[in-house]
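Here the sequence shown stands for residues 6 to 669, numbered as in my numbering.
The beta carbon of each residue, even a glycine, is placed where N, CA and C say it ideally should be.
If you're wondering where the values come from, they're calculated on a predicted model, not measured in any experiment.
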Amino acid sequence: MTVTPPRAGEDADTDANEGADTGAGAGTERNSGRVTGVEPTAASAARHPAPTSSTTGTAAGWAPMATAGTAAQPGGTTAAGTGTHPGATTAAGGATEPGARAGAGTSAEAGATASAGAALPGARTAPPALPSTDPPGPGQQEARSEAAASNRFLAKAALVTVALSIAGAVLGLGRDQALAHLFGAGSDTDAFLVAWTVPEFAATLLIEDGLAFVLVPLFSVAVARRARGDAGDPVRALVAATLPRLTLAFAAVGALLIAGAPYLVEALAPGLPDPRLAVDCTRLTATCVFSFGLAGYCSAALRAHRRFVAPAAIYVAYNAGIIAAMFVLGNRWGVRSAALGVAVGGALMVVAQLPSVGRQLRRKESAGDLLESEPARPMDLTLVSTVLLFALCRQSQVLVERFLASSLPAGAISHLNYAQKVAQMPMVLSLMLCTVTFPVVAQAIAEGDTERARDRVERDLALVSCTVLLGAAAVAACAPQIIQLLFQRGAFTAADTAATASVMRVYALGLLGHTLVGALVRSYFSSGRPTWYPLFAMTAGIIATSWIGVLAVGPWGVCGIAAANATGITLSAVLLLYGTGPRSVPIRTRRVLTEIGKPLRAALVAAVAGGLCASRPDSPLLGLVLGGTVVTVVFALLAWILRVEGFAPALRSVTRRVPYARFR
6 MTVTPPRAGE DADTDANEGA DTGAGAGTER NSGRVTGVEP TAASAARHPA
56 PTSSTTGTAA GWAPMATAGT AAQPGGTTAA GTGTHPGATT AAGGATEPGA
106 RAGAGTSAEA GATASAGAAL PGARTAPPAL PSTDPPGPGQ QEARSEAAAS
156 NRFLAKAALV TVALSIAGAV LGLGRDQALA HLFGAGSDTD AFLVAWTVPE
206 FAATLLIEDG LAFVLVPLFS VAVARRARGD AGDPVRALVA ATLPRLTLAF
256 AAVGALLIAG APYLVEALAP GLPDPRLAVD CTRLTATCVF SFGLAGYCSA
306 ALRAHRRFVA PAAIYVAYNA GIIAAMFVLG NRWGVRSAAL GVAVGGALMV
356 VAQLPSVGRQ LRRKESAGDL LESEPARPMD LTLVSTVLLF ALCRQSQVLV
406 ERFLASSLPA GAISHLNYAQ KVAQMPMVLS LMLCTVTFPV VAQAIAEGDT
456 ERARDRVERD LALVSCTVLL GAAAVAACAP QIIQLLFQRG AFTAADTAAT
506 ASVMRVYALG LLGHTLVGAL VRSYFSSGRP TWYPLFAMTA GIIATSWIGV
556 LAVGPWGVCG IAAANATGIT LSAVLLLYGT GPRSVPIRTR RVLTEIGKPL
606 RAALVAAVAG GLCASRPDSP LLGLVLGGTV VTVVFALLAW ILRVEGFAPA
656 LRSVTRRVPY ARFR
């Protein structure tokens, strides 16, 4: 039997064992969150005594008499259902050294003191394990190959998703630049941004978070049933059971918002001097409830099928539609053209996904199969309620900000909007990984593999934290240069640049909290079971945001509002992190906090160093290049020194694969 110790900083993309179950057979070794089983033979059993493992939930080593995939040390006994030699006692699900006792699902070292019974006298100490020269069994090789293929697929899917998300984000910046260039930062843009609240909420509820948390697990189950060859087509049965009802609901809510636009504007921004323009824009943007709902439905279905290109491309189509509408109709319609662009862009989001959805739904089957198809799993209304209320509560931070800013001088809402749009880009890009791995976590939980789900969530938290903290450091260090290069032209003045940059630096303080909330909430809803705890955590954050904002808006204006946002979302992230366990994937909180603390320290130092360097040149472009370079170098150096999880393997992966790709 070959015992492979874990290598420090293992690259998840290249090591098939990392975080994956890669073996089956009587004897299984668990090390560093992986399973590498080897089928023992009588010859190897005679040559080498069984090795000892100290891993949770799996018996260590193997013995010739062990059965049912669990073995005890020679001279020991295991829980009921397995064959052993007499001598030492092992608690259910675990293996112990002689003279030790272990709790359920654990293993203990020799001589350890126990809490559930003492070792029997006469137990013999097993000899030390010797390395074996036996080659890996065929089952282990096949499992490693499958795990490596899965890791490569996830890496490629994440890369494609990030690339298209960057393209959509760039077009989003182009949209904001066009809005600032054509209409500036005044009362007209404030009116449009009040109407912009509708697509912001709709995107969160129907595409990014809310509905996806319900539909992705449903479609994942249907796809698994289809793969098993169940009668009929479970995927098409699910579509037939859910899509018509949801379509009617989307249309009804959209019509209600169009009819109630004056009341909605009054509730969102009571301080607007002339609400008529905001009402007109709101009626145009309200159409996105219908289009976003259909787009989110298509995205959930495709992601469950592991198809990520079309869902990632929807914001490219969306922002292209808005930009085109502003330039074509801006002179005649004014800022209303941007609202019309929202309606056009929403329709393009659906059109961009229809061909891919049609291919996934197309399947050859007989009429008899359709008649024999089992009814689709119904949508749990309690789950839908908890998910949508959470997403609504999370997005209500924007409502609090705009409500407080409506009483400030003209342009305050615009400054908050531009600062938030730029500052949140690192968060959006970092959460793309969670978008790709969400179906993986849901599938692992559905299969009862909690350990694999936990390892996946912990790796995601470490990676997204590292990514967003690097971006936050760059945003804080180079905020004036970024805003000046992006927006300072046309009606957007230097005073607007200074105000927006100040707000953006404050927003950067809450980026880690926003990212952790987005990553953690997926683990709460990945099982497809309703839970109210995320709503409680988000409500606590909103209450903190509201009260701090009320107290801070007077003395500090828009910066006080941004500080309230950062404080409230950080509180929600802390509550979600400490609430995992029976309500969610049981991650190791202390380990996660330790890993997050490393890039956090690196980001603080990098932001200070980058800010000092970025302020030296007079040219904003040169300052951005210099500051961004310093931030990246300092952060990378400190991350290497602090041994940030996943950082060194990522660098090794790049240096290995680039030359290979060049000559392949």
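For the alpha helix (DSSP H) that contains residue i, what are its first and last residues?
i, result
"Phe313", "Element bounds for Phe313: n/a, residue is neither H nor E."
"Pro249", "239-264"
"Leu397", "386-410"
"Ile487", "484-492"
"Ile592", "First-last for Ile592: undefined, no H or E at that position."
"Val340", "Val340 -> no alpha helix (DSSP H), and no H or E assigned at all."
"Glu205", "202-208"
"Thr634", "625-647"
Thinking just about the alpha-carbon of each residue, which of the options is nearest to the one in residue i?
i, options, result
"Ala607", "Trp645, Arg596, Gly350", "Trp645"
"Phe297", "Val347, Arg241, Arg596", "Val347"
"Asp214", "Tyr529, Ala641, Met354", "Tyr529"
"Tyr323", "Ala305, Gly301, Ala352, Ser342", "Ala352"
"Leu605", "Cys471, Val446, Tyr320, Val389", "Cys471"
"Thr442", "Pro360, Val389, Gly523, Asp501", "Gly523"
"Ala503", "Gly518, Leu514, Ile487, Ala513", "Ile487"
"Val321", "Thr166, Ala305, Gly565", "Thr166"
"Ala315", "Pro280, Arg288, Gln358", "Gln358"
"Ser342", "Ser624, Thr194, Val446", "Thr194"
"Leu421", "Met354, Phe255, Arg461, Ala513", "Ala513"
"Thr505", "Ile418, Pro560, Leu521, Ala449", "Ile418"
"Ser551", "Ala447, Ala569, Leu540", "Ala569"
"Gln365", "Val270, Ala232, Ala481, Ile450", "Ala232"
"Leu262", "Pro249, Ala245, Arg288", "Arg288"
"Val446", "Arg367, Phe497, Arg527", "Arg527"
"Cys398", "Ala481, Ala545, Arg241", "Ala545"
"Gly189", "Lys603, Pro249, Asp501, Pro591", "Asp501"
"Thr247", "Gly265, Val270, Leu299", "Leu299"
"Gly301", "Ala496, Tyr268, Leu210", "Leu210"
"Ala207", "Ala396, Leu187, Arg180, Val340", "Ala396"
"Arg312", "Thr637, Val473, Ala291, Gly363", "Gly363"
"Gly586", "Ala614, Val473, Asp623, Arg459", "Arg459"
"Thr637", "Lys426, Val473, Leu253", "Val473"
"Leu184", "Val340, Pro444, Arg461, Ala484", "Val340"
"Leu647", "Gly602, Thr498, Ile547", "Gly602"
"Ile547", "Leu580, Ser531, Gly559, Pro560", "Leu580"
"Ala449", "Ala254, Ala172, Ser531, Ala567", "Ser531"
"Leu525", "Arg593, Ala482, Ala499, Arg510", "Arg593"
"Ala672", "Ala260, Arg510, Arg595, Leu345", "Residue 672 is absent from the structure shown; the chain starts at 6 and stops at 669."
"Thr634", "Ser624, Ala614, Asp623", "Ala614"
"Tyr423", "Cys439, Arg461, Leu386, Val480", "Val480"
"Leu169", "Gly177, Leu629, Ala318", "Ala318"
"Cys618", "Leu626, Gly632, Ala257", "Gly632"
"Leu576", "Leu556, Arg241, Ala549", "Ala549"
Once the 5 residues before and after residue i are set aside, which same chain residues still bring their CB inside 7 Å of it?
i, result
"Gly584", "Tyr538, Ala542"
"Glu650", "Ala467, Glu600"
"Ala415", "Gly191, Ser192, Asp195"
"Gln182", "Leu491, Phe492"
"Glu205", "Gln400, Val403"
"Val610", "Val639, Leu643"
"His310", "Val228, Gln365"
"Leu413", "Gly562, Val563"
Here's a check: name, in chain order, each residue in its chain whose Cβ is nearer than 8 Å to the Cβ of residue i, leaving out the five neighbours to either side.
i, result
"Gly476", "Met430, Pro431, Met432, Leu434, Ser435, Leu516"
"Glu271", "Pro280"
Can you find a C-beta in chain C that's less than 8 Å from the C-beta of residue i?
i, result
"Tyr323", "Annotation note: the requested chain C is absent from the structure, which comprises a single protein chain."
Taking 6 Å as the limit between beta carbons, can you name the residues of its chain near residue i, skipping five residues before and five after?
i, result
"Arg230", "Pro239"
"Ala578", "Gly518, Leu521, Val522"
"Gly616", "Ala482"
The region 230-244 / the region 322-340 touching (three or more Cβ pairs under 8 Å): no
Segment contact flag, the region 437-456 with the region 480-496, C-beta cutoff 8 Å, min 3 pairs: no
Contact between the region 268-287 and the region 402-414 (3+ Cβ pairs under 8 Å): yes
Cβ contact (3+ pairs, closer than 8 Å) linking the region 387-402 and the region 199-217: yes
Whole alpha helix (DSSP H) elements within the region 494-581, 4-residue minimum: Correct list: 499-513, 516-530.
Validate contact between the region 289-308 and the region 215-230 using beta carbons, cut 8 Å, 3 pairs: yes
Three CB pairs or more closer than 8 Å across the region 280-289 and the region 200-209: yes
Alpha helix (DSSP H) runs contained entirely in the region 275-336, provided each spans 4 or more residues: 281-290, 293-309
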